[in-house]
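In this note's numbering, the protein residues as written are 1493 to 1664.
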């Protein structure tokens, strides 16, 4: 038994030392900077690039839409997804809080008006006190954006048309 434990420990040390030895002087490859992108490359691809996820599980997104319109879109998306809205609060003039429940999930949205036409949104979906649900957060964000896109007033600011001649490569 002691021999098996010793072999497992030697393997663990080798697995840690071999990459460290091979990459000891690789300053051109910022592993710490790439780590998050590599880990998140497949997750949340449906949600736009402007969506930011924190280590605590909160999703942050900024819309070029007034706060009242984003709040209405959140409520409409929650209605479509059959969420039960528990409370709506406006502790300050430029801030709104919405809480809702879903089967085995609690949802909290904080809207912050950065200006008359720019609104920040923080969305957290919790399974329990310790586990956040990023997949449900991503889907709710997508549905909120869909509701905003259905409004012709905001559709143009959400969906940018590609330029006529993108600068990807010259044509010869």
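In this text, a Cβ means the ideal position worked out from N, Cα and C, and glycines have one as well.
First and last residue of the uninterrupted alpha helix (DSSP H) at residue i
i	result
residue 1629	1626 to 1642
residue 1606	Here residue 1606 belongs to no alpha helix (DSSP H), and DSSP marks it neither H nor E.
residue 1561	1559 to 1572
Paired residues, beta bridge with residue i - DSSP
i	result
residue 1615	1551 and 1601
residue 1543	Answer is none; residue 1543 lacks a bridge partner.
residue 1577	1592
residue 1587	1584 and 1604
Proximity test, residue i beta-carbon vs the ligand COA heavy atom, cut-off 8 Å
i	result
residue 1602	Judged by which ligands are present, the structure shown has none, so any question about the ligand COA falls away.
Proximity of residue i and residue j at Cβ, strictly below 9 Å
i	j	result
residue 1603	residue 1577	no
residue 1639	residue 1565	yes
residue 1585	residue 1605	yes
residue 1723	residue 1611	In this structure the chain extends from 1493 to 1664, so residue 1723 is not present and cannot be described.
residue 1555	residue 1631	no
residue 1581	residue 1567	no
residue 1598	residue 1615	no
Pairwise C-alpha distance: residue j and residue i
i	j	result
residue 1549	residue 1626	7 Å
residue 1645	residue 1595	34 Å
residue 1551	residue 1643	23 Å
residue 1624	residue 1641	27 Å
residue 1613	residue 1573	18 Å
residue 1519	residue 1600	Model confidence at residue 1519 stands at a pLDDT of 48, short of 50, so the residue's coordinates are unreliable; what they give is reported in the following sentence. Roughly 41 Å between the two C-alpha positions.
residue 1524	residue 1546	Since pLDDT at residue 1524 reaches only 42, below the 50 mark, its modelled position is unreliable, and no value is offered.
residue 1619	residue 1575	14 Å
residue 1543	residue 1617	15 Å
residue 1608	residue 1621	35 Å
residue 1570	residue 1560	15 Å
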